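Asker:
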Amino acid sequence: MFSLPVLLYLSALLFSIGIYGVLARRNILVVLMSLELMLNAVNIALVGFGRVHALSTTSGEHSGQIFTLMVLAVAAAEAAIGLSLLLLIWRKWKTIDLRELCRLSG
Amino acid sequence: MEPLSLSRAEILAVLPAGFLFITGLIQLLSDLGDTSKNSRHEKTHLAMIGATGALVAFASLFVQGTLASTGELYAGAMTDDLFGRLGAGVIIVTSLFVTLMSGGYLSSSGNNKAEFHSLINFSAGAMVLLCQATNLVSIFVAIETLSLAVYVLAGFFKENKSASEGAFKYFIMGAFSSGFLLFGMALVYGLSGGSLSLSGIAASGASSDALFAVGVLLVLIGFAFKVGVVPFHSWVPDVYQGAPVLAVGWMAVAVKSASFFALCRFLYHSGGGAYLDQILVALSVVTMILGNLAALNQQSLKRMLAYSGIAHSGYLMIPVLVALSGNDLSIGASLPFYLCAYAATTLAAFGVLTALSVSTDRDNIGDLNGLAKSRPMLALGFTIALISLAGIPLTAGFIGKLMIFSDAIGAGFIQIAIIGILTSLVSVYYYLRPVVAMWFRDPRSSFDLIPAPWGVQFTVGVCGIATIFVGLFPDWLVELSRISVETILG
Amino acid sequence: MPTFLLLNSGIMWPSVAAGNLDLLSLTIFVILTIVVGAVLLILSELLGPRRRDPEKETIYECGVPLLDSAREPFTVKFHLVAILFILFDIETVFLLPYAVVYKKLGIVGLAEMGVFLLILAGGLVYLWKRGALEWD
Amino acid sequence: MSGWLEHLIFGILAASSVASSFLVVTRRNPIYSALFLIVMFSMVAGIFMLLDATFLGFMQLLVYAGAIMVLYLFVIMLINPRDDSLPEEGGFTEKTFAVGVALLVFSLLAFGISNSETVSTLAEAGTIPDLPEVAQTHGAIEAFGYELFHKHLLVFEVASILILVGIIGAVHIAMKNKPAPVELGANDEERLVNDV
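Chains as they are written, first to last, in the working numbering: chain W, 1 to 106; chain R, 107 to 596; chain D, 597 to 732; chain E, 733 to 928.
If you want it as structure tokens, here you go:
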């Protein structure tokens, strides 16, 4: 059961759950969390491929893991900027509802 | 376990991006003195640092001596071939002009902080690396660095509400698209035998695999968001209207060309799956049609330029599609040329918009009435830019479109070329409306036109002249772009 | 394979390589803490006497009766510090691999890490001068 | 390590990560979604350790569950400490559109995974535990750091620029600019205290 196709199905499933979260939810906080969820789903696929190709790859034994470390750094910087933008929106509009935000700004 | 070592070529290859990062840092630290007041006076020292940094970075492009590429650098993370350097050159020149313009523009809007200048330089450095990146990790990190910088630039004027709301929408769309981009890269990495470098992916020959095609499609979707191709363009008009004019100019020119250079390099190496040609055809056709039609009845100048930017992304898709379908890559040579022409033209257009926005923040076409009488030079610059965007002869835009459509016909994509020509005919109408307003309407503009900052006048002048010059003597740039395309595959 | 789990079958026990021992002990530690904590809680929940008494419900000697729910909005200062914590946390994540390998990387490695830290020191100076760290 | 145990543990981790991610997306109260997201990050960290990426597993716990979720909880407490101020949930059309796009992407990926020859050839090599042994130090911090600095030096430097851009952005956007608006009357004093 713990094999590459299952890992890929798992990461695809988490990715789609993240997509649902971004598109369906009106609470901006949950949208930002779903974005983190999507990036994390990809990490599973990356590390899985890295492990499978560990001995045969040309780009180095830990190439998948190093890519994931970079995704970690990017996700953290994105969360930092996203939440400060959210704070700016909260200060100006006093709402964290995405649809209302669109309505207010016309 | 030998210790780390950097070859001379590696150090020289990273100089352009390195100088841009250093200038950004110096600008940031040099402006820390007066934190309190929102300074009204124009901080020329920031513009000077930025300009010298950009010029030194441009010079360091040629310090390598030979234009030939010295192979894989930093273990395959980056290359210094001509294609990458041509992209880097476009980015550096654009950052030079935007830095010159930003001094006057920011001080007029009372928000004159060094963050704007340093973010422009940081994102310029990241774009230079993006044009020269040859492995998936460096492409991804470069795209994310420049996107983060541009999200902050879009929301730079915190006070006005629509800017912060547009920036937030841009952030969510951008983060969403980088999720797709990343998943596509993970699949391409996994299915090409675990090789991160683009040459390894090309060598692995997995492009017939179904999941590999899905991976390339997801990467294409990620890039399509960044570039603003139709199904993924909904953020473009709002952000272009909300964000500061200069940040919009930076997005329209630099971010688009860097993304296209990286997309081109990626697709050339990965080859793309079986269905990629049809998808690219569909994307470019729909983008051209919708982009131009939507721009027809736009009253606001910024929204009109936003939709024209989307339409031009559609035109730029054609050389990518043409090069991918045939196995002869030199056909796709029109892409670098068109990007250079597009960069010069759009910079002139946004220069004029910056000049206008210094004196008024109303930006519908009616405000241009009689501009020719009050500001003949500005009106001339804007007219040249619009004519070149429309593709009317004697301008660089015309040569670019000519090349694109002749390549498309040469490679057998007759219908796309016809659609392209028809849509650019349609675009002539909405490009000429402001020209008519400027030259043939009597001025009823109620705002007093304060003279544009020197940086803006300089930019509009130089870019206007460059557009005409390339329009009249295009063959040096055509030759350069044809050679550069051949060097991609190394 | 990570043989870090206590439950693996006996045949694996003697062949646990030295490298994995610390992982194994880590797992034992984690499992023991969870088990001991759970046992204490559950036992006191089940065995403890449960006799309601108004006297017991009153607030402990010098307590202040509650005015409002404890969830007051934080000031924005916490938010900015939390963001900066994340970003400098990422810096430590990159420092960790360097700290383990710096001997093998030699002078060029030192120069690379120097550039990395210089850029982030520039960020710190920017922060400090912009007044992001002031608390009042 | 006998195979069945690793399959069992992977099954538990995968099932709980899918369940907690589903709960993250569906809970009305953002605090519960944040807590379930922490659970999901720890499950994914467990999967990393099963895949011999021990350093990465701990970094995932340190950065994601440790730092990012702390920030999320800070923001949640900052924005809606009371439960009544939650935005009411999206209409039916948004939900169906979102489910449609999510299902479309999942079916595209599942179609790709199911009939991709490369994945099936890779899977023939057996499940992950039966794969050829990797070196004992694989995934440990030393080999990871060595490879990070030798093969990905350029990306390491660009990462510092990424963090610096994050710092500049966060400070510029999140900080209220110094000159507080002066038009506040005396009676607005207490409003200033509550104003965030």
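From the three backbone atoms N, C-alpha and C, an ideal C-beta is built for every residue, glycine too. None of the values given here were measured: they were computed from a predicted structure.
Going by alpha carbons, who is nearest to R/Leu583 out of R/Val534, R/Leu445, R/Phe318, R/Ser314?
Answerer: One-based indexing of the second sequence puts residue 583 of chain R at position 477. Residue R/Leu445 holds the alpha-carbon nearest to the alpha-carbon of R/Leu583 among R/Val534, R/Leu445, R/Phe318, R/Ser314.
Asker: Tell me, please, whether the stretch 32–44 of chain W touches the stretch 64–83 of chain W by the rule of three or more beta-carbon pairs shorter than 8 Å.
Answerer: yes
Asker: Work out the CA separation of W/Ala75 and E/Met716 for me, nearest whole Å.
Answerer: The requested residue 716 of chain E is not part of the displayed model; chain E covers only 733 to 928.
Asker: Which whole-angstrom value is the C-beta distance of R/Gly290 and W/Thr57, which I expect to be below 8 Å?
Answerer: Walking along the second sequence from the start, residue 290 of chain R turns up at place 184. Walking along the first sequence from the start, residue 57 of chain W turns up at place 57. That belief does not hold up - the Cβ atoms of R/Gly290 and W/Thr57 are roughly 19 Å apart, past 8 Å.
Asker: Among E/Gly823, E/Val833, E/Leu737, E/Leu767, whose alpha-carbon lies nearest the alpha-carbon of W/Arg25?
Answerer: Along the first sequence, read from residue 1 onward, the residue named residue 25 of chain W stands at position 25. Among E/Gly823, E/Val833, E/Leu737, E/Leu767, the Cα nearest to that of W/Arg25 belongs to E/Gly823.
Asker: I'd like to know whether the C-beta atoms of R/Ala491 and R/Trp545 end up nearer to each other than 8 Å.
Answerer: Taking the first residue of the second sequence as 1, we reach residue 491 of chain R at position 385. Taking the first residue of the second sequence as 1, we reach residue 545 of chain R at position 439. Not a contact, by the Cβ cut-off of 8 Å.
Asker: On the DSSP bridge assignment, give the partners of R/Thr185 in chain order.
Answerer: What you label residue 185 of chain R is simply residue 79 of the second sequence in a count that begins at 1. The partner list for R/Thr185 (beta bridge, DSSP) reads R/Glu178.
Asker: Would DSSP call R/Ala239 helix, strand or coil?
Answerer: Locating residue 239 of chain R in the second sequence gives position 133, counting from the first residue. Correct three-state label for R/Ala239: strand.
Asker: Any idea what DSSP makes of R/Asn398, helix, strand or coil?
Answerer: Looking up residue 398 of chain R in the second sequence gives position 292. Looking at R/Asn398 - three-state DSSP - the assignment turns out to be helix.
Asker: For W/Asp97, which beta-bridge partners are listed by DSSP?
Answerer: The residue labelled residue 97 of chain W in the question sits at position 97 within the first sequence. W/Asn27.
Asker: Using the rule of at least 16 other Cβ atoms within 10 Å of the residue's Cβ for burial, across every protein chain shown, is R/Val566 buried or exposed?
Answerer: As a first step, residue 566 of chain R must be located in the second sequence, where it is residue number 460. Buried: at least 16 other Cβ atoms inside 10 Å.
Asker: Could you work out which residue in R/Gly516, R/Ala449, R/Glu265, R/Ala514 is closest to R/Ser494 when comparing CA atoms only?
Answerer: For the purposes of this step, residue 494 of chain R is identified with residue 388 of the second sequence, where counting begins at 1. R/Ser494 has its Cα closest to that of R/Ala449, out of R/Gly516, R/Ala449, R/Glu265, R/Ala514.
Asker: What is the rounded straight-line gap between the Cα of W/Leu23 and the Cα of E/Lys827?
Answerer: Counting from one through the first sequence, the residue named residue 23 of chain W turns up at place 23. Counting from one through the fourth sequence, the residue named residue 827 of chain E turns up at place 95. Cα to Cα, W/Leu23 sits roughly 8 Å from E/Lys827.
Asker: Anyone know if the C-beta pair for R/Val591 and R/Phe168 falls short of 8 Å?
Answerer: To locate residue 591 of chain R, count along the second sequence from 1; it is residue 485. To locate residue 168 of chain R, count along the second sequence from 1; it is residue 62. Not a contact, by the Cβ cut-off of 8 Å.
Asker: Residues of chain E with CB closer than 8 Å to the CB of D/Lys700, please, in chain order.
Answerer: Reading the third sequence from its first residue, position 104 is the one you call residue 700 of chain D. Going along chain E in sequence order, the residues near D/Lys700 (Cβ under 8 Å) are Tyr878.
Asker: Rounding to the nearest angstrom, what Cα-Cα distance links W/Met1 and E/Pro861 in this structure?
Answerer: Indexing the first sequence from 1 puts residue 1 of chain W at position 1. Indexing the fourth sequence from 1 puts residue 861 of chain E at position 129. If you take the alpha carbons of W/Met1 and E/Pro861, they lie about 10 Å apart.
Asker: Of the residues R/Ser215, R/Ala181, R/Glu221, R/Gly420, which one's Cα is nearest the Cα of R/Gly156?
Answerer: The count along the second sequence starts at 1 and reaches residue 156 of chain R at position 50. Selection R/Ser215, R/Ala181, R/Glu221, R/Gly420 evaluated against R/Gly156 yields R/Glu221 as nearest (Cα-Cα).
Asker: Buried or exposed for R/Asp469, please, with buried defined as at least 16 other CB atoms from any protein chain shown within 10 angstroms of its CB.
Answerer: Counting from one through the second sequence, the residue named residue 469 of chain R turns up at place 363. Around the Cβ of R/Asp469, a 10 Å sphere holds 16 or more other Cβ atoms; the residue is buried.
Asker: Restricting to runs no shorter than 4 residues, where is the alpha helix (DSSP H) found entirely within the stretch 358–393 of chain R?
Answerer: 362–376
Asker: Three Cβ pairs or more, each shorter than 8 Å: is that satisfied between the stretch 330–342 of chain R and the stretch 856–870 of chain E?
Answerer: no
Asker: What does the Cβ neighbour count give for R/His151, buried or exposed, with the cut at 16 atoms within 10 Å?
Answerer: Within the second sequence, numbered from 1, the residue matching residue 151 of chain R stands at position 45. Looking at its Cβ environment, which holds fewer than 16 other Cβ atoms inside 10 Å, R/His151 is exposed.
Asker: Can you tell me whether R/Ser406 is helix, strand or coil according to DSSP?
Answerer: In the second sequence, residue 406 of chain R corresponds to position 300, counting from 1. Strand.
Asker: Starting from R/Asn470, follow its DSSP beta bridges and name the residues at the other end.
Answerer: Taking the second sequence and counting its residues from 1, one reaches residue 470 of chain R at position 364. BP columns for R/Asn470 point to R/Ser406.
Asker: For a contact defined as C-beta to C-beta under 8 Å, what are the partners of D/Tyr694 on chain E?
Answerer: As a position in the third sequence, residue 694 of chain D is number 98, starting the count at 1. Gly877, Phe881, listed in chain order.
Asker: For R/Gln463, which three-state DSSP category applies?
Answerer: On the second sequence, residue 463 of chain R is found 357 positions in, with the first residue counted as 1. The identity of residue 463 of chain R in the sequence shown is Ser, whereas the question assumes Gln. R/Ser463: helix per DSSP, three-state reduction.
Asker: Output yes if chain W places a C-beta closer than 8 Å to the C-beta of D/Ile686; else output no.
Answerer: Counting from one through the third sequence, the residue named residue 686 of chain D turns up at place 90. Yes, its Cβ sits closer than 8 Å to a Cβ of chain W.
Asker: Provide the residue span of the alpha helix (DSSP H) that contains R/Thr129, from first to last.
Answerer: Mapped onto the second sequence, residue 129 of chain R falls at position 23. Taken as a continuous stretch (DSSP letters only), the alpha helix (DSSP H) holding R/Thr129 covers 114–136.
Asker: Would you call R/Arg481 buried or exposed, if buried means 16 or more other Cβ atoms sit within 10 Å of its Cβ?
Answerer: Locating residue 481 of chain R in the second sequence gives position 375, counting from the first residue. With 16 or more Cβ atoms within 10 Å of its Cβ, R/Arg481 is classed as buried.
Asker: Helix, strand or coil: how does DSSP classify D/Glu730 here?
Answerer: By one-based count along the third sequence, residue 730 of chain D stands at place 134. Coil.
Asker: In chain order, what residues of the same chain lie with their CB nearer than 6 Å to the CB of R/Ser142, ignoring the 5 residues before and after it?
Answerer: Working through the second sequence from its first residue, we reach residue 142 of chain R at position 36. Any reading at R/Ser142 needs caution, since the residue's pLDDT is 49, under 50, leaving its predicted position unreliable; the model's value is listed next. Result list for R/Ser142: empty, nothing under 6 Å.
Asker: Give every residue of the same chain whose Cβ lies closer than 6 Å to the Cβ of R/Leu396, excluding the five residues on either side of it in the sequence, and list them in chain order.
Answerer: Mapped onto the second sequence, residue 396 of chain R falls at position 290. Only Val336 meet the Cβ criterion.
Asker: Do you know how far the Cα of R/Arg588 is from the Cα of R/Gly348?
Answerer: In the second sequence, residue 348 of chain R corresponds to position 242, counting from 1. In the second sequence, residue 588 of chain R corresponds to position 482, counting from 1. If I take the Cα positions, the gap works out to 38 Å.
Asker: Please list, in chain order, the residues of the stretch 38–67 of chain W that have any C-beta partner in chain E closer than 9 Å.
Answerer: Interface annotation for the stretch 38–67 of chain W against chain E: Asn40, Ala41, Asn43, Ile44, Val47, Gly48, Phe49, Gly50, Arg51, Val52, His53, Ala54, Leu55, Ser59, Gly60, Glu61, His62, Ser63, Gly64, Gln65, Ile66, Phe67, criterion Cβ-Cβ distance under 9 Å.
Asker: Of all the residues that make up the stretch 742–756 of chain E, which are near chain D by a beta-carbon distance shorter than 9 Å?
Answerer: none
Asker: Taking the Cβ atom as the reference point for each residue, do R/Gly577 and R/Ala455 lie within a distance shorter than 8 Å?
Answerer: Stepping through the second sequence from its first residue, residue 577 of chain R is reached at position 471. Stepping through the second sequence from its first residue, residue 455 of chain R is reached at position 349. It is not a contact, given that the beta carbons lie outside the stated cut-off.
Asker: Which residues in chain W sit within 8 Å of D/Leu683, going by Cβ to Cβ distance?
Answerer: Taking the first residue of the third sequence as position 1, residue 683 of chain D is located at position 87. Residues of chain W passing the Cβ test: Ala76, Ala77, Ala80.
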